[in-house]
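Student:
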Amino acid sequence: MVRATEPADGRKPRASHIEAVDMRYVTQMMEQLQQGYIKSVAATAGLAVEIVPVDVYGYDVRLIRPPSDPLDEESAVLAQLKCTTRIVPDQSREYFSYQFTKRQYFDHLVKPRKYPKAILVVMTAPPRQAEWTEVTHDGLWTRRSCFWVSLEGVHVDPLVKKPTVHIPTKNRVDAQSLSEILDKVDRGEPLND
């Protein structure tokens with residue numbers, strides 16, 4: 001079950017603790033990191049990724065799966081991408097908490113949608129930018145992971161300006177999970193079950 005809550009302790013967020021290559025551009029680099037992760041995983045699943053160029057509706061990418069029959073319709077899901085260096089999910093726990101910085105980001109994800117459905121993708125990254133990736137002879141390694149959740153229909157008090165949501169640790173973003181999400185979309189099933 002997905003829940004949204006108020007911040008547990010009521011404290012303000014801490015000052016930036018990121019050790020960046022250049023603090024002026026760290027937010028853009030975080031966006032680039034998560035887009036690269038999503039594009040890589042989507043390519044493995046056989047999906048196309050469209051970057052949404054204008055953030056009017058709160059979505060950053062659209063994931064599209066071509067139909068198996070050329071006469072059928074493609075499947076798609078919208079995703080809002082968030083990246084945080086403050087969370088290290090504990091896989092022994094059922095979920096971790098993520099707090100939105102603005103209410104509008106949450107509101108875009110909770111409204112009922114017919115099609116396409118929408119998900120939140122939260123990437124956790126080390127606070128030291130130089131550790132985000134590692135290249136070896138065996139490949140490119142991205143430190144930490146992305147996790148997804150559908151917030152459709154979740155309610156939180158309208159007075160809460162920065163809602164906190166629970167992200168299931170079992171919902172890691174990989175090729176299989178993206179395929180399963182689009183399978184549910186094709187069958188008309190809710191994503192948050």
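Residues 1 to 193 in UniProt numbering are what the sequence shown spells out, letter by letter.
Glycine is no exception: its CB is placed at the ideal position from the N, C-alpha and C atoms.
1) So, for F106: in the same chain, excluding its five sequence neighbours on each side, which residues have a beta-carbon less than 6 angstroms away from its beta-carbon?
2) By a C-beta neighbour count over all protein chains shown, 10 Å radius and 16 as the cutoff for buried, is W141 buried or exposed?
3) Output the boundary residues of the beta strand (DSSP E) element that contains Y95.
4) Just the Cα atoms here: how many angstroms apart are E74 and S97?
5) What's the gap between the Cα of T27 and the Cα of D69?
6) Pull up the distance between the alpha-carbon of I51 and that of L159, whole angstroms please.
7) Could you tell me which residues DSSP pairs with R75 in its beta bridges?
8) With a CB to CB cut of under 6 angstroms and the five nearest residues on each side skipped, what residues in its chain are close to T85?
9) Among D72, P89 and P66, whose alpha-carbon lies nearest the alpha-carbon of R144?
10) So if DSSP puts W141 in a beta bridge, which residue, or which two residues, is it bridged to?
11) On the three-state DSSP scale, how would you describe T44?
12) Bridge partners for E180 per DSSP, in chain order?
13) Looking at V156: is its Cβ nearer than 9 angstroms to the Cβ of N192?
14) For I51, which residues does DSSP report across the bridge?
15) Alpha carbon to alpha carbon, what distance is there between Y37 and S150?
16) With a CB to CB cut of under 8 angstroms and the five nearest residues on each side skipped, what residues in its chain are close to residue 218?
17) Buried or exposed: which applies to Y115, given that a residue is buried once 16 or more other Cβ atoms fall within 10 Å of its Cβ?
18) Taking all protein chains shown into account, decide if L71 is buried (16 or more other Cβ within 10 angstroms of its Cβ) or exposed.
Tutor: With the structure as the only source:
1) So the qualifying residues of the chain are F100 and P163.
2) exposed
3) Run containing Y95: Y95 to Q99, per the beta strand (DSSP E) assignment.
4) Each residue's Cα considered, the two are about 33 angstroms apart.
5) 40 angstroms
6) In a straight line, the C-alpha of I51 is about 32 angstroms away from that of L159.
7) Rather than Arg, the amino acid found at residue 75 in this sequence is Ser. In DSSP, S75 forms a bridge with R65.
8) Exclusion of the five residues before and after T85 leaves I18, A125 and P127 as the residues of its chain whose Cβ lies within less than 6 angstroms of its Cβ.
9) P89
10) E134
11) helix
12) None; E180 has no bridge partner.
13) Cβ distance not < 9 angstroms, so V156 and N192 don't count as in contact.
14) V61
15) Taking the CA atoms as reference points, S150 sits about 19 angstroms from Y37.
16) The chain is shown from 1 up to 193; residue 218 falls before or after that span and cannot be answered.
17) exposed
18) exposed
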